[in-house]
Amino acid sequence: MVAGREIPINTNASAMQMAQEIFGPGVTIEGASYTGDNDSSGIYSNGDTISPGVMPGNTGVMFSTGDLSGFTGSRPSWWGGSNTSTSQTTSSDGPNGVADFNAAAGAPTYDASFIDVDFTPAGDMLTMRFVFASEEYPEYAVGAFQDFVGVWINGQQVQLSVGDGDVDPNNLNAGANGNLFIDNSNDQYNTEMDGFTVSLTLKIPVNAGTTNSIRIGIADVRDANYDSTLIIAGGSVQGTVLATDDATRLDPQGSKTLDVLANDVNNGAGSLTITHINGQAVSPGNTVTLNSGQTVQLNADGTLGLVGDGDTEEFNFTYTVENGSGVSDIGFVLVDSVPCFVAGTMIRTPEGQRPVETLKPGDLVMTRDDGAQPVRWTGRRTIAAAGDFAPIHIAANTFGRHRSLALSPLHRVLIRDALAELLFGEREVLVAARDLVNDSSVRRIEGGEVEYVHILFDRHQLVFSEGLETESFLPGPQTANSFEAEIVEEICAIFPELCPKTGRGYSPAARRTLKRFEAHLLMSAGQAA
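Under UniProt numbering, the residue at position 208 of the sequence shown is numbered 208, and the numbers go up by one with no gaps.
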């Protein structure tokens, strides 16, 4: 239990002042407006001193579904401490039924608090560092009452790149993406909120050199009870430093070295340095133990050393990078599966259909773009079909005429859609199977074990799997991180020009590959059409 101390919050700050507080380098602000209760927004200060471990930065902006004065209290530890209520609900005159929030939450919303900003960015991508804190934890972490953070860029919702993409208790709690959640039920931190996330990040695609519009805020869902707060770090909405997500695989009792800096972007001064792992400050040699049991060490060369805890599971964590000017960003590391077929999937060859696991180097397979092509390498692996490693089942004729099939979550499917051309300038795009899940015709199937099979050609190809056009294995930044060293050596011996850390030296993707937020945009646009 810690003593309560009130964090300074200027609730009289104007919309322009709040915008200037959260936007960083590479952005010109043109205008801003705020909608909500006057006591539900403000600029905070002294976050590192007064609420260490809670705030995403020393200063920043807060939006609440209640009164921000209730975010922290002033009781000493002997008089109840910092967290005195398990159901704090303060009054708010914020608007109810805001269309964007209702649509995103899929339910009526209340007490909204949000800012609209018009701005011109220098680049085509921004990031935002934030914390979501809520009194809905732990009692309503799963259920209908999912207080919701919403961010829309030029009218399109921005998704979180982990879990189901939502910033709400259902997606971020002790059981779902648990490494990203901090339980405050026992009053360990100076906030009235019973739970909150580690500092998270959103990646926001923008149109460089022209005016963009962004909406950022929070709302109660289904009722006006229990306060929730969105906290945005000062200067964090910027495009100078971008920490790009990394994906890897770790055997339950194995270890791995991961170079997360290799794909990060620094358009500012100096070089990038890792300063935090999952919200904990680190120096070279320091180790952080995740809630899921694995450990992550910062090595002297800037790489991360991962060690398993014996459990077969999917997990994720964050890391923070900073450049020579102090500009920082957060990246996610997702320990996930490699794109591959499920054994038993029938692949079209010149001689007819063959189970994918029977293919071997030299065998010919029919491809969409280049006809019959020889397989250059195959790989197989059997794992537990659990969590994010469980295969995705696609029902027959979901995407045209094809039979039912199962793929690994990251295996991309060719989607042919006029909306794709409208949104991305290309009629045909590749979308990861996990981003197509609709819990109806496309579902995740857990239970037992699953054997995954990789097939690699001289270039990235589209093959016919049970009649559906899907991708072959595409070496990329995940190659060195997702396979054992001897497998990486085998692939590089076949393709000596290939860099296993970056994927350079192999062909580009056969079609544009959609990022997760782009896939969600395409699928949601299709449902609305």
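The beta-carbon is built from N, C-alpha and C at its ideal position, and this holds for glycine as well.
query                                                                                                                                                                 : result
Using CA coordinates, which residue listed in Val-375, Gly-400, Asp-439, Phe-332 is at the minimum distance from Val-162?                                             : Phe-332
For residue 536, which residues in the same chain have their Cβ closer than 7 Å to its Cβ, ignoring the five residues on either side in sequence?                     : Residue 536 lies beyond the range of the chain shown here (1 to 529); nothing can be said about it.
I need the boundaries of the alpha helix (DSSP H) containing Leu-419, first residue and last residue.                                                                 : 418–424
Starting from the Cα of Ser-51, find the closest Cα among Asn-154, Asp-124, Ala-510, Phe-196 and give me that residue.                                                : Phe-196
On the three-state DSSP scale, how would you describe Gly-70?                                                                                                         : helix
Measuring only the C-alpha atoms, how far is Arg-403 from Thr-345?                                                                                                    : 10 Å
Take the Cβ of Gln-146 as the centre, count every other Cβ of all protein chains shown within 10 Å, and call the residue buried at 16 or more, exposed below.         : buried
Span of the beta strand (DSSP E) holding Asn-316?                                                                                                                     : 315–322
I'd like the span of the beta strand (DSSP E) that includes Gly-42, first residue to last.                                                                            : 41–44
Which value, in whole angstroms, describes the spacing of the CA atoms of Gln-20 and Gly-235?                                                                         : 8 Å
If we call anything under 7 Å between Cβ atoms a contact, is Phe-132 one with Val-167?                                                                                : yes
How is Gly-209 classed by DSSP in three states: helix, strand or coil?                                                                                                : coil
Under three-state DSSP, which class holds Asp-220?                                                                                                                    : strand
Looking only at its chain, what residues have a beta carbon closer than 7 Å to the beta carbon of Gln-208, apart from the 5 residues adjacent to it on each side?     : With the sequence shown as reference, residue 208 is identified as Ala, and Gln is not the correct amino acid for it. Excluding positions up to five away in sequence, the list reads Pro-121, Ala-122, Gly-123, Asp-124.
Any contact of the region 301–312 with the region 366–373, i.e. 3+ C-beta pairs under 8 Å?                                                                            : no
Less than 7 Å between the C-beta atoms of Ile-115 and Ala-243, yes or no?                                                                                             : no
In the structure shown, what three-state DSSP assignment does Val-288 receive?                                                                                        : strand
Three-state secondary structure (DSSP) at Gly-178?                                                                                                                    : helix
I need the DSSP call for Gly-326, collapsed to helix, strand or coil.                                                                                                 : coil
Go ahead and label Leu-230 buried or exposed: buried means 16 or more other beta carbons lie within 10 angstroms of its beta carbon, across all protein chains shown. : buried
Taking the C-alpha atoms as reference points, what is the distance between Ile-182 and Asn-173?                                                                       : 8 Å
In three-state terms, what does DSSP make of Arg-348?                                                                                                                 : strand
With a CB to CB cut of under 6 Å and the five nearest residues on each side skipped, what residues in its chain are close to Leu-514?                                 : Val-429, Val-431
According to DSSP, is Asp-251 part of a helix, a strand, or is it coil?                                                                                               : coil
So what does DSSP say about Glu-469, is it helix, strand or coil?                                                                                                     : strand
Throw me the rounded Cβ distance for the Pro-361 and Asp-311 pair, which I believe falls under 8 Å.                                                                   : Going by Cβ atoms, the distance from Pro-361 to Asp-311 rounds to 35 Å, so no, they are not a contact pair.
So Pro-391 and Val-450 are supposed to be a Cβ contact under 8 Å. How far apart are they, rounded?                                                                    : 5 Å
Measuring alpha carbon to alpha carbon, tell me which of Val-198, Leu-258, Gly-66, Gly-387 ends up nearest Ile-232.                                                   : Val-198
Below 8 Å on the Cβ atoms is my guess for Asn-190 versus Val-54; work out the distance and round it to an integer in Å.                                               : 7 Å
What are the start and end residues of each continuous alpha helix (DSSP H) run of 4 or more residues lying completely inside the region 3–69, in chain order?        : 15–22, 47–50
Okay, do the region 401–417 and the region 465–475 touch, 3+ Cβ pairs below 8 Å being the bar?                                                                        : yes
Go to Ala-262, then tell me how far its alpha helix (DSSP H) extends in each direction, as first and last residue.                                                    : Note, Ala-262: premise wrong, no alpha helix (DSSP H); not H, not E.
Contact check, Asp-164 vs Asn-171 under 8 Å by CB: the rounded distance?                                                                                              : 5 Å
Which residues in the same chain have their Cβ closer than 7 Å to the Cβ of Ala-509, if we skip the five residues on either side of it in sequence?                   : Leu-430, His-460, Leu-474
State the Cα-Cα distance for the pair Thr-289 and Gly-270, rounded to the nearest angstrom.                                                                           : 29 Å
Ala-420: buried (16+ other C-beta within 10 angstroms of its C-beta) or exposed?                                                                                      : buried
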